[in-house]
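A quick write-up on the structure given underneath.
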Amino acid sequence: MKKIPTGAWVVVADGTGARLLRNVGKGLNVSLEQVKLVGPKDLAHDGPAGRQPPERSMAEMDEATFAKQLAQRLNAAALKNEFAHLVLVADPQTLGQMRPLLHEETAKRMVEELNKSLFRAPLEEIERALKATW
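With this note's numbering applied, the sequence shown corresponds to residues 1 to 134, in that order.
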């Protein structure tokens, strides 16, 4: 069983928001505390990364834009050494949009990613999902 290091950031996201959690558990124990809730910023003046299909709805464009904004925030935090280890938990679409946007420094710090939609889940459910994975 792998362990999530104490102090690791666990970012749980979907296309509408993200929760920044920190593992405060010791050893193999996963115990999460919420540090911050992150929402989209100025979606009207920012856009998603890369080319987008013309048939995308505004909601899909907003979700892609938020995924880009979140990747940029994680990249900035990694470059400032704000975290040493990262676990990214997100639905498949958000993960797919974020992966190519993550800076190599961010990617190097990624312990694991979990392809699950848990943004609105209680902390206990997120902890159980992480324990079941590791």
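Glycine included, C-beta positions come from ideal geometry on N, C-alpha and C.
All values reported here derive from a predicted model rather than from experimental measurement.
Query, Result
"Can you give the Cα-Cα distance for L43 and T94, rounded to whole angstroms?", "Bear in mind that the predicted position of L43 carries a pLDDT of just 47, short of 50, making it too unreliable to give a figure here."
"Is the stretch 7-19 in contact with the stretch 66-83, if contact means three or more CB pairs nearer than 8 Å?", "yes"
"On the DSSP letters alone, give me the boundaries of the beta strand (DSSP E) that A18 sits inside.", "17-23"
"By DSSP's criteria, L114 is part of a beta bridge. Which residues make up the other side?", "V89"
"When the distance is taken between beta carbons, is V30 closer than 9 Å to K131?", "yes"
"Comparing alpha-carbon positions, which option in A71, A77, V87, V24 lies nearest T133?", "V87"
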